[in-house]
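Counting in this note's numbering, the sequence shown runs from 338 upward without gaps.
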Amino acid sequence: MLKMEREGVLLLFLVVFALELKSLHMGGGAQAAVTLPPEDKSLTRHFYKKHNTCANVEAFVLHQVTLFWLKDKSITAKLLKLLYSDCMVNGCDASILLDGPNSEKTAPQNSGLGGFEVIDKIKFVIEDRCPGAVSCADILNLATRDALHLAGAPSYPVFLGRRDGMQSYAAWVDLPSPSISWESTLAYFQSKDLDVQDLATLLGAHTMGKTNCSYILDRLYKFNNTGKPDRTLSKPVLQDLRKQCPRQLHGQSNPLVYLNPDNGRDYKFTNTYYSRILASESILAVDQQLRFGGDTYQLVKEYAGSFENFRKQFALSISRMGGLKVLTGNKGEIRRHCRFPN
338 MLKMEREGVL
348 LLFLVVFALE
358 LKSLHMGGGA
368 QAAVTLPPED
378 KSLTRHFYKK
388 HNTCANVEAF
398 VLHQVTLFWL
408 KDKSITAKLL
418 KLLYSDCMVN
428 GCDASILLDG
438 PNSEKTAPQN
448 SGLGGFEVID
458 KIKFVIEDRC
468 PGAVSCADIL
478 NLATRDALHL
488 AGAPSYPVFL
498 GRRDGMQSYA
508 AWVDLPSPSI
518 SWESTLAYFQ
528 SKDLDVQDLA
538 TLLGAHTMGK
548 TNCSYILDRL
558 YKFNNTGKPD
568 RTLSKPVLQD
578 LRKQCPRQLH
588 GQSNPLVYLN
598 PDNGRDYKFT
608 NTYYSRILAS
618 ESILAVDQQL
628 RFGGDTYQLV
638 KEYAGSFENF
648 RKQFALSISR
658 MGGLKVLTGN
668 KGEIRRHCRF
678 PN
C-alpha cells in the first residue's frame with residue numbers, strides 16, 4: 338500500500354514538474370529529479386525569485402559549493418551529516434549552525450561535524466549580494482543538494498522559504514546510537530514523521546563518509562555484551578576493522594574508518610552501500626540491521642540492483658526530511674551570520 342501511494346504521488350509530480358524539468362534540460366543544466374514537496378506547503382520553488390529578493394541565489398550557492406568540492410570531495414558527506422543533524426532534531430531551522438557553550442553542535446552525538454566553513458562562505462557571498470534575504474536553513478539545504486549532485490546524486494528541486502531558528506540547545510539532540518536495532522531506528526524516524534522507506538533510503542547516505550572507531554568497537558569485540566564480535570559482520574571485514582580499531586582506544590586516539598571502503602577517498606554517491614549490506618559487510622550495526630527487516634530488506638535488494646531507483650527515491654526522501662518542522666512567515670529570522678542570532 339505504501340509503495341502504491343508513493344508511486345501515485347510521484348506520477349502526479351512528474352506532470353507538475355514536466356515543463357520545469359524540460360526547461361532545465363534544454364538550458365544545458367542537469368536534469369532535476371522529481372521530488373515530493375515538503376510537509377510545510379508554505380515552502381515553494383524559486384521562493385527568492387518570486388519575491389524578488391535574491392533571484393540568483395541557487396547559482397551563487399552552486400558556484401561556492403563547486404569551488405569547495407573541487408578541493409575536498411569530503412564536503413558532500415559533511416554537509417549531508419550537517420543537514421541530517423539539523424532537520425532530525427528541531428526541524429530544518431539551521432539551529433545546528435549556532436555557536437554557544439550549550440548549543441546543539443556541542444552534544445556528544447554531534448562530535449566531528451564539519452562543513453561549517455562552507456556554509457559560512459556561502460552566507461558571506463550571499464549577504465554581499467542579497468543582504469538580509471536568504472536564510473541559513475535554505476542555504477544548508479541548497480548546498481547539500483549541490484554537493485550531492487557533484488558526487489553523483491540527482492539534482493532535485495529544493496523548496497525554499499525557510500527561516501532560521503534563534504535558539505540551539507545540546508539537550509535537544511536525540512540522535513540515536515548507530516548500534517541500535519532497525520526497529521528502534523524506524524521508531525525514531527517515525528517520531529519525526531518519516532517512514533520505513535525514508536529510513537532505508539536516507540541511511541544510504543552512509544555510502545560515503547567516515548565514522549569513529551568508538552562507534553563500532555562493540556561490533557568488533559563484545560557485541561551486545563557477549564564478549565564476541567557481531568556474527569552478522571563478515572570475517573574479512575572484521576579482521577580488517579580490528580587492524581584499524583584496536584580493542585582499547587588509548588588517550589584521545591579515536592581513529593576514523595570509511596563507512597564504505599568501496600568508495601573511500603572518492604566520496605562517490607553510489608549504491609554499493611546496499612550491496613555491502615547483502616554481503617554482511619556494513620560498517621555500522623544500524624546499517625546491517627536493514628538486512629533483517631521485511632520491508633527494509635526488500636528495499637535493500639531493490640537499491641542494490643538498481644542505482645537509478647536509489648537515486649530517485651533518495652531525492653524524494655531527502656526532500657521530505659528537508660521539510661520537517663520548518664519556520665516560515667513571521668517565525669524565526671533571517672540571520673546575518675549563520676553562527677549567531679541577529
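Ideal Cβ placement from N, Cα and C applies to all residues, glycine included.
Task: Cβ neighbour criterion (16 or more within 10 Å) applied to G291 - done: The first residue shown for the chain is 338 and the last is 679, placing residue 291 beyond what the model contains.
Open item on the list: Using only the alpha-carbon positions, how far apart do P566 and P592 sit?
Closed with: Walking along the sequence shown from the start, residue 566 turns up at place 229. Walking along the sequence shown from the start, residue 592 turns up at place 255. Cα to Cα, P566 sits roughly 19 Å from P592.
TODO: For A641, collect the residues of the same chain with a Cβ closer than 8 Å to its Cβ; drop the 5 residues on either side in sequence, then sort them by chain order.
DONE: Counting from 1 along the sequence shown, the entry for residue 641 is found at position 304. The answer, listed in chain order, is N608, Y611, S612, I614 and L615.
TODO: Using the Cα positions of H388 and R648, report the straight-line distance between them to the nearest angstrom.
DONE: Walking along the sequence shown from the start, residue 388 turns up at place 51. Walking along the sequence shown from the start, residue 648 turns up at place 311. Whole-angstrom Cα-Cα distance: 31 Å.
- [ ] Name the two residues that bound the continuous beta strand (DSSP E) containing L593.
- [x] Numbered from its first residue, the sequence shown carries residue 593 at position 256. Element bounds for L593: L593 to Y595.
Task: Exposed unless 16 or more other CB atoms sit within 10 angstroms - verdict on D700 - done: Because the chain spans 338 through 679 in this model, residue 700 falls outside it and cannot be assessed.
TODO: Report, in whole angstroms, the separation of the C-beta atoms of S472 and I671, which I expect to be a contact under 8 Å.
DONE: Translated into positions along the sequence shown, residue 472 becomes position 135. Translated into positions along the sequence shown, residue 671 becomes position 334. Indeed they touch by this definition, with Cβ atoms about 5 Å apart.
Task: Counted within 10 angstroms of its Cβ, other Cβ atoms place H400 as buried (16 or more) or exposed - done: Looking up residue 400 in the sequence shown gives position 63. Exposed is the call here.
Open item on the list: Between which residues of its own chain and L557 is the CB-CB distance below 7 Å, once the five residues before and five after are set aside?
Closed with: Start at 1 with the first residue of the sequence shown, and residue 557 comes out as number 220. Cβ neighbours of L557 beyond the five flanking positions: P566, L575, L578, R579 and C582.
Open item on the list: Can you list, in chain order, the residues of its chain with a C-beta nearer than 6 Å to that of N427? Leave out the 5 residues immediately preceding and following it.
Closed with: Start at 1 with the first residue of the sequence shown, and residue 427 comes out as number 90. Cβ neighbours of N427 beyond the five flanking positions: W509.
Task: Secondary structure of R500, DSSP reduced to three states - done: Locating residue 500 in the sequence shown gives position 163, where the first residue counts as 1. Strand at R500.
Task: Length-filtered (4 minimum) alpha helix (DSSP H) runs lying within the segment 572-644 - done: 572-581, 609-615, 622-625 and 631-642
Task: Assigned exposure category for Q625 - 16 Cβ within 10 Å defines buried - done: Position 288 of the sequence shown, counted from the first residue, corresponds to residue 625. Buried, since its Cβ has 16 or more Cβ neighbours within 10 Å.
Task: With 16 other Cβ atoms within 10 Å as the buried cut-off, status of F461 - done: The residue labelled residue 461 in the question sits at position 124 within the sequence shown. Exposed: under 16 other Cβ atoms inside 10 Å.
- [ ] Might you give, ordered along the chain, the residues of its own chain that have their beta carbon closer than 6 Å to the beta carbon of F644, omitting 5 neighbours on each side?
- [x] Residue mapping note: residue 644 aligns to position 307 of the sequence shown, counting from 1. Within the same chain, F644 has close Cβ partners N608.
TODO: Apply the 10 Å Cβ neighbour rule to N562 and answer buried if 16 or more other Cβ atoms are within range, or exposed otherwise.
DONE: Counting from 1 along the sequence shown, the entry for residue 562 is found at position 225. Exposed, because fewer than 16 other Cβ atoms sit within 10 Å of the Cβ of N562.
Task: Paired residues, beta bridge with H674 - DSSP - done: Along the sequence shown, one-based indexing puts residue 674 at 337. F677.
Task: Residue span of the alpha helix (DSSP H) that contains N427, given as start and end - done: Within the sequence shown, numbered from 1, the residue matching residue 427 stands at position 90. From DSSP, the alpha helix (DSSP H) with N427 extends over I412 to N427.
Task: Where the alpha helix (DSSP H) through T522 begins and ends - done: Within the sequence shown, residue 522 is the residue found at index 185, counting from 1. Per DSSP, T522 belongs to the alpha helix (DSSP H) from W519 to S528.
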